[in-house]
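What follows is a set of notes on a single structure, which appears directly below.
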Amino acid sequence: MQSPKEAKGRWQRFKDTLATVSVEPVMLLDGLAFSNMVVLVENLQMDKICLNTLGESEDVCNNLNDHTDVKKAMSKEAAVFQMYNGVIISLLPLFFILFMGAWSDKYGRKVPLVASMIGHLFYSGGYLFNSVIMKWPVEWLLLVALFESLGGGAVSFLTAANSYISDVTSEDTRTSRIGLANSIWFLGGPMGTLMGKFIFDAGGYKGVFGTSVVMHIVAIVYIIFYLPESHGPFSNKERMKKIIPSKPSLRIRESIAWIYGIDKKKNKGSTRNKTSGEIHREDITLRMMVSDFFNPRRLMESVKSTFRPREGHIRMYVLLLIFSNVLRRLGR
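Oh and the sequence shown: position 259 is 417 in this note's numbering, straight run, nothing missing.
Structure below.
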């Protein structure tokens with residue numbers, strides 16, 4: 159039988175481990191919510207094309223193998239719709255992330271996390287409403303995709319989540335924590351797909367999309383009320399001390415300086431480095447944050463950062479990753 163001291167030690171270790179949990183629950187919820195509805199998204203699109211665009215009856219749409227001409231016409235309409243849908247979902251987040259990355263380095267991670275999650279909520283909520291009102295044309299789903307893209311999509315969410323984990327981890331644990339968190343997000347894929355199958359059998363489209371809506375709402379509440387800001391002038395330094403020793407906001411880490419090719423000697427003369435290294439909260443206004451987000455300089459900084467020469471052929475790896483993602487998108 160274990161002594162009270164041993165039991166207390168184990169409980170304390172459990173609490174310490176639990177205290178290090180940060181954005182991982184949000185990543186699991188997002189992975190589950192997305193995969194829960196991903197298969198049914200295309201099914202709803204096809205149903206609306208058949209019922210509304212082609213004007214066929216429900217009996218015909220449910221027995222397409224017996225109506226090959228309708229099936230062929232529906233496939234053509236679906237290809238055109240999915241092309242527009244893919245452009246909206248892929249291109250708009252690209253421009254969003256070019257501005258948001260540098261912005262979050264200055265003001266923090268919670269805003270892009272909440273923005274991307276609200277976009278996901280609009281996506282699942284939009285499909286829920288469209289499944290309730292089947293007479294709405296399929297083009298309404300393009301508007302749903304637009305709202306989702308305005309939040310930055312999955313690219314913005316994963317970028318902000320990985321940046322958050324980087325903020326709250328030490329150099330020793332950062333790689334393993336980022337790998338674990340991304341594994342949790344991808345784990346939501348098979349789990350969510352399996353879960354969606356059972357939910358659809360029990361509650362149809364409404365059950366599936368409604369479940370994703372609930373998970374996105376829970377994730378937003380978690381981010382706003384539980385997750386402390388990890389970076390920038392709005393960071394919760396008292397809570398962050400319990401997770402990792404505090405560090406100056408906007409500090410240029412040695413690893414980041416090496417990867418991005420930043421010359422720290424040039425930055426020593428700047429006004430920000432002469433002071434505390436931080437932007438003070440009282441000096442920031444909402445107007446400043448909004449105007450800073452839409453500053454064209456952010457785009458130029460991102461482009462320059464991408465093509466900046468780096469040691470160890472890092473630039474080649476970055477460009478190869480970008481090219482690989484472009485090929486993956488084209489293949490889809």
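Glycine included, every Cβ here is placed at the ideal spot set by N, Cα and C. Only a predicted model underlies this, so the values are computations on that prediction, with no experimental measurement involved.
Between V313 and Y281, the CB-CB gap reaches or exceeds 7 Å.
Taking 7 Å as the cut-off, the beta carbon of S274 is found no closer than this to the beta carbon of F305. By the Cβ neighbour-count rule, I381 is buried, with 16 or more other Cβ atoms within 10 Å of its own. Judged by DSSP in its simplified three-state form, L212 adopts coil rather than helix or strand. The C-alpha of G346 lies about 16 Å from the C-alpha of V376.
In terms of CA proximity to M292, C208 leads the group Q240, C208, I442.
Rounded to the nearest whole angstrom, the C-alpha separation of P454 and G362 is 45 Å. If you look at N223, you'll find it isn't in any alpha helix (DSSP H); DSSP assigns it neither H nor E. The Cβ atoms of S307 and L250 lie closer than 7 Å to each other. Between N201 and T369, the beta carbon gap of about 16 Å keeps them out of contact (Cβ cut-off 8 Å).
Less than 7 Å separates the beta-carbon of F451 from that of W261. At a cut-off of 4 residues, the continuous stretches assigned as alpha helix (DSSP H) that sit fully inside the stretch 259 to 296 are 268 to 290. Collapsing the DSSP output to three states places F254 in a helix. Close CB contacts of Y242 within its chain, under the 8 Å cut and outside five residues either way in sequence, are with L300 (chain order). DSSP places L457 inside the alpha helix (DSSP H), whose first and last residues are 454 to 465. Annotated three-state conformation of L385 is coil, per DSSP.
For R445, the enclosing alpha helix (DSSP H) has its first and last residue at 444 to 451. In the displayed model, T327 falls within coil according to three-state DSSP, outside both helix and strand. For V290, the closest of F367, P183, G189, V272 by C-alpha to C-alpha distance is F367. The continuous stretches of alpha helix (DSSP H) do not include S180, and DSSP gives it neither H nor E. C-alpha of R456 to C-alpha of F257: approximately 5 Å in a straight line.
Membership of E306 in the alpha helix (DSSP H) is indicated by the continuous run 298 to 308. Pairing F383 with V461, the inter-Cα distance amounts to about 35 Å.
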